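Residue numbers (our numbering), protein chains in the order written: chain A, 180 to 465; chain B, 7 to 113.
Everything below concerns the one structure shown next.
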Amino acid sequence: MTASTPEVGGIFRTAETLPTLPGVVRRLTLMADTGTATTEEMARVVNTDQVLAGKVLKLVNSALFGFSGRIATVSGAIILLGVNVVKSLAVSSAVFEIMEKHVLGLWTHSMGVAAAANVLATRLRLPDVEEIATAGLLHDIGKVVVKLTYPKETDRLDGLAESRGITMVEAERQHLGVDHAEIGGRVARHWRLPDRLVEPIAFHHDVAHSIAHRQRTAVIHVADILIRGSAFDGTVQTTVPTLDPAGWESLDLNEALLEAVIEEMEERLVDVTSFSLEMQSGHGRS
Amino acid sequence: MQHLPLALAQPDMVLARPVPNPSQPDGFPLCGAGTVLTPGLIGQLSSRGVGMVSVEGHPVTLPGEPTIEDLLEALDRRFARSAQDPRMAMLQRLFRQRLTRAHEATP
Chain A
180 MTASTPEVGG
190 IFRTAETLPT
200 LPGVVRRLTL
210 MADTGTATTE
220 EMARVVNTDQ
230 VLAGKVLKLV
240 NSALFGFSGR
250 IATVSGAIIL
260 LGVNVVKSLA
270 VSSAVFEIME
280 KHVLGLWTHS
290 MGVAAAANVL
300 ATRLRLPDVE
310 EIATAGLLHD
320 IGKVVVKLTY
330 PKETDRLDGL
340 AESRGITMVE
350 AERQHLGVDH
360 AEIGGRVARH
370 WRLPDRLVEP
380 IAFHHDVAHS
390 IAHRQRTAVI
400 HVADILIRGS
410 AFDGTVQTTV
420 PTLDPAGWES
430 LDLNEALLEA
440 VIEEMEERLV
450 DVTSFSLEMQ
460 SGHGRS
Chain B
7 MQHLPLALAQ
17 PDMVLARPVP
27 NPSQPDGFPL
37 CGAGTVLTPG
47 LIGQLSSRGV
57 GMVSVEGHPV
67 TLPGEPTIED
77 LLEALDRRFA
87 RSAQDPRMAM
97 LQRLFRQRLT
107 RAHEATP
C-alpha cells in the first residue's frame, strides 16, 4: 500500500482537520513565532483560559519533571522551562481528553514515556530535558488520528499485533501502509510545533531518519521501549519494539547507564501513576 | 519496594520512601525513608489522613496481584520477538533483575 491509496489519504485528511486546539495555544504559537512578546504577555494569554492554565501548572509540578520546588505561576513556568515547553504542555493538556476518550491507556503511556525521557536525558546531560519530556507526552498523538479515522481497523490491529507477536507499528505499516509516528509528525507540523518536537514524534520508531534532532529522537525511542519493557502502562502482553542501532549509537548507551535509568525511572513512575490517576479522576480538569 | 494501603501496613515494616503530609504536600514529609513502622506511628499516619505508604521489599500479597512467576513469564513474552538482539536481551535481563528484587521478601 502506498501513500496514494484512499486509506492513507483518509488518514492524512483527518490529520489535517482533526486538531481543534484552544485559541490560547494558537495565540501562544503566533507569539512564540514572532519572538517579540514578553514572558508576561505570553503568560497573560495562557491565563485567559484558567482551566488550561491550571492543567499546565499541574503538569509542570508533576513527577514528569521532578522539580523539588513548586512553580506557582505560568510566567514562572515560562521563565524556567521556556515558551516551547509551556506551549507543548498546553497542547498536551488540550489533547488529554481526546487521548483518554479514544485510545485506552494512551495518556498513561505518554506520561510514562515523558518521565522516562526526562530521566534518560538528564543522565545523559542533554540540554532542554524538559522540552524532550514534552515530546514524550505527544509522541503517540498519531495513534489518536489513526483510531479516529479507522476505529474498527485499529481494534483489529491490536489483536493482530498480539496474535502474530509483531509490534503495533509493524501491524499499521502492513495493513494501513502508514504508521502512527508518520501521522503524528504531520499533526505536529500542522500545529506548528518546532522541529525539535516534530522529529521525535515523527521518527520515534525510526531514529535513523531523524537528521537535525537525532539525539532527542533517540531519547524518545529508548524511553518508549523502556516503558513498554516495564509494562508500566498496563500493556503486559505487547511486544516491545527492538532498539534501533542508530538510537543506541547516537546516545552512546551502555548497560550501567541503562540500569541506573531504569531504577530512577521506576521510582519516578510511582508518582506518575498517582498523578495520572488524579488527572483521570477529574481533578486535573478543574 | 511495595506501595500499600496504610490499612495493610504492619509494625516492623520499613518505609522505602518519605510519607508526604496530605494537608501540605509541598511541605516537610511526616516521616522519612528508613523509618520503622510501629503501631503508634501507623495510628498517627492514619489520623493525619495518609492513605498509601511505600515499604521495603514486597511483604504483602494483594488480592488479584500477579505472582512473580506471572510477571516474569509476561516479560519473556514481551521480549520474545527481540530475544536474539544482544541489546534487547540485556534490557530484558535488567527488567528481570528489577522484578525479582522488587518481589523479594522484606530483609
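Each residue gets a CB set at the ideal place from its N, CA and C atoms; glycine is no exception.
Please read these numbers as outputs of a predicted model, since none were measured by experiment.
- Identify each residue in the region 73-95 of chain B for which the Cβ-Cβ distance to at least one residue of chain A is less than 7 Å, and report them in chain order. ALA80, ARG83, ARG84, PHE85, ALA86, ARG87, SER88, ASP91, ARG93, MET94
- Query: Using CA coordinates, which residue listed in A:VAL449, A:LEU327, A:GLU341 is at the minimum distance from A:THR418?
  - Reply: Nearest C-alpha to A:THR418: A:GLU341.
- Task: Taking only beta-carbon positions, decide if B:LEU100 is within less than 8 Å of chain A.
- Result: yes
- Message: Using the Cβ count rule (16 or more neighbours within 10 Å means buried), how would you classify B:ARG107?
- Response: exposed
- Contacts around A:VAL440, its chain only, beta-carbon distance under 6 Å, and the 5 residues preceding and following it disregarded: VAL298, LEU299, ARG302
- Query: Beta-carbon separation of B:ARG54 and B:LEU36 under 8 Å?
  - Reply: Yes.
- Task: Quick one: grab the DSSP three-state call for A:PRO306.
- Result: coil
- Between B:SER29 and chain A, is there a C-beta pair that is closer than 8 Å? no
- Query: Taking Cβ-Cβ distances below 9 Å as the criterion, which residues of the region 380-411 of chain A are in contact with chain B?
  - Reply: ILE404, LEU405, ARG407, GLY408, SER409, ALA410
- Closest Cβ-Cβ distance between A:GLU445 and chain B: below 8 Å? yes
- For B:PRO11, three-class secondary structure by DSSP: strand
- Task: Thinking A:ALA293 and A:LEU316 are a contact (beta carbons under 8 Å), I'd like their distance in whole angstroms, please.
- Result: 5 Å
- Message: A:HIS354 and A:GLU332 - do their beta-carbons sit closer together than 8 Å?
- Response: Yes. Within cutoff.
- Residue ranges of each alpha helix (DSSP H) run of no fewer than 4 residues wholly in the region 349-382 of chain A, ordered along the chain? 359-369, 374-381
- Message: Could you check whether A:ASN226 and A:VAL253 sit closer than 8 Å to each other, using their CB atoms as the reference points?
- Response: yes
- Message: Checking 8 Å against the spacing of the C-beta atoms, do A:ILE204 and A:VAL308 come in under that value?
- Response: In the sequence as presented, Ile is not what sits at residue 204 of chain A; that position holds Val. Taking 8 Å as the Cβ cut-off, A:VAL204 and A:VAL308 do not qualify as a contacting pair.
- Item | Buried or exposed (CB count within 10 angstroms, at least 16 for buried), A:ARG393 | buried
- Message: Below 8 Å, how does it come out for the region 407-414 of chain A and the region 381-392 of chain A: are there three or more Cβ pairs, yes or no?
- Response: Fewer than three pairs of CB atoms, one per stretch, sit closer than 8 Å, so the region 407-414 of chain A makes no contact with the region 381-392 of chain A.
- Query: Quick one: Cα of A:ASP385 to Cα of A:ASP423, how far?
  - Reply: 7 Å
- Task: Could you name the residues of chain B that A:VAL449 contacts, counting a contact when the two beta carbons are closer than 9 Å?
- Result: MET7, HIS9, ARG23, SER60
- Query: Nearest to A:ASP334 by alpha carbon, out of A:ASP374, A:VAL282, A:THR213?
  - Reply: A:VAL282
- Item | Three-way DSSP call (helix, strand, coil) for B:LEU36 in this model | coil
- Could you confirm whether any beta carbon from chain A is found closer than 8 Å to the beta carbon of B:LEU12? no
- Message: Excluding the 5 residues flanking B:PRO115 on each side, which residues of the same chain have their C-beta closer than 6 Å to its C-beta?
- Response: In the structure displayed, chain B extends from 7 to 113; residue 115 of chain B sits before or after that span and is not available.
- Task: Alpha carbon to alpha carbon, how far is A:THR218 from A:ILE258? Give it in angstroms, no decimals.
- Result: 7 Å
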